[in-house]
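Reviewing the structure listed below.
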Amino acid sequence: MKKPFELHADYQPESFEFNKAGKKQVEKLVALYPKGKQQSAVMPLLDLAQRQVAEEGAKASPPYGGWIPRAAMDHIAEILDMPEIKVYEVASFYSMYNMAPVGKYLVQLCTTTPCWLCGSDDIVKACTDHLGIGMNETTKDGLFTLMEVECLGACVNAPMVQINDDYYEDLTADSMKELLDVLAEGLKPKIGSQKGRKSSMAITGPTSLEKEAKKAGVV
Ligand code: FES
Numbered sequence: 552m553k554k555p556f557e558l559h560a561d562y563q564p565e566s567f568e569f570n571k572a573g574k575k576q577v578e579k580l581v582a583l584y585p586k587g588k589q590q591s592a593v594m595p596l597l598d599l600a601q602r603q604v605a606e607e608g609a610k611a612s613p614p615y616g617g618w619i620p621r622a623a624m625d626h627i628a629e630i631l632d633m634p635e636i637k638v639y640e641v642a643s644f645y646s647m648y649n650m651a652p653v654g655k656y657l658v659q660l661c662t663t664t665p666c667w668l669c670g671s672d673d674i675v676k677a678c679t680d681h682l683g684i685g686m687n688e689t690t691k692d693g694l695f696t697l698m699e700v701e702c703l704g705a706c707v708n709a710p711m712v713q714i715n716d717d718y719y720e721d722l723t724a725d726s727m728k729e730l731l732d733v734l735a736e737g738l739k740p741k742i743g744s745q746k747g748r749k750s751s752m753a754i755t756g757p758t759s760l761e762k763e764a765k766k767a768g769v770v
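Under the working numbering, the sequence shown has 760 at position 209, and the numbering climbs by one with no breaks.
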């Protein structure tokens, strides 16, 4: 569950502007839609704003992750000539948009049935114990925020978490803690299965379509 949108919170900056690269990207994105339908660009523009904030946050001390300030939504409403409330509606509906500050690494923990059956309770406990925070909280060093989410579509490699743009699958409490330590050191952990499976293939290799798997270079 993402944090609620607080219009007048202290952390809301007074203004927002896209940077030089962002402005170019805005032009390109808006031009993708037919004349008069530019409002359809609202979702990619929200994503662009969130990524710009993340870029700035990665250089800040303490660091922070991508989120969308109210000023950014108002700016997007102005660019797309649409009511501000319509932009707030879109951003607050989808879980991929963060409406409040988050840590540099947003750890989204899937606890839906397949992940739960495969041990997501252990993964949640590993994160809360290791980081000393609860759901929707951020570590004091600004590095990690924990968030519980619904199915992320990787049930076949459950239990799993999404951290920023990447999926980490086939987790155990130990591999989860290791993952957090690697990120805390500023390194990039291996994405995907933490047990070494390729995609969702059995750990022993393909059990069907073996020739095709060889041809595709996955084994
Ligand atoms: S239930 Fe966790 S990815 Fe689907």
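Glycine included, every Cβ here is placed at the ideal spot set by N, Cα and C.
Contact belief for residue i with residue j at Cβ below 8 Å, rounded distance in angstroms
i: F567; j: A622; result: 4 Å
i: G654; j: T689; result: 4 Å
i: I630; j: V700; result: Going by Cβ atoms, the distance from I630 to V700 rounds to 29 Å, so no, they are not a contact pair.
Per-residue burial, residue i [other beta carbons within 10 Å of its own, 16 or more giving buried]
i: Y719; result: buried
i: H626; result: buried
i: S744; result: buried
i: T758; result: exposed
i: G775; result: Given that the chain is displayed from residue 552 to residue 770, the structure contains no residue 775 and the question cannot be resolved.
i: A600; result: buried
i: Y562; result: exposed
i: D721; result: buried
i: P620; result: buried
i: L668; result: exposed
i: L738; result: exposed
i: A628; result: buried
i: S612; result: exposed
i: G608; result: buried
i: L597; result: buried
Spatial neighbours of residue i in its chain, beta-carbon cut-off 7 Å, leaving aside the 5 residues before and after
i: D717; result: I742
i: Q603; result: F569, N570 and G573
i: K553; result: S646, N649, M650 and M698
i: M624; result: E635, V638, Y639 and A642
i: A735; result: L694
i: P843; result: Because the chain here runs from 552 to 770, residue 843 falls outside it and cannot be looked at.
i: V675; result: L660 and T662
i: T746; result: Residue identity check: residue 746 is Lys in the sequence provided, not Thr. Closer than 7 Å at Cβ, skipping near neighbours: D721 and I754.
i: A764; result: P757 and V770
i: D692; result: P613
Nonlocal neighbours in the same chain, by C-beta distance under 6 Å from residue i, ignoring five residues either side
i: P595; result: L580
i: S751; result: V707 and N708
i: F556; result: S643 and M650
i: A677; result: A724, M727 and K728
Beta-carbon contacts of residue i that lie in its chain and below 8 Å, excluding the five residues immediately before and after
i: M633; result: Q590 and V593
i: I714; result: Y656, L657, V658, Q659, L730 and L734
Legend entry - Cβ pair count under 8 Å reaching 3, the region 683–690 against the region 720–730: No contact exists between the region 683–690 and the region 720–730.
Legend entry - Any 3 or more C-beta pairs closer than 8 Å across the region 606–619 and the region 579–588: no
Legend entry - Cβ pair count under 8 Å reaching 3, the region 695–710 against the region 660–679: yes
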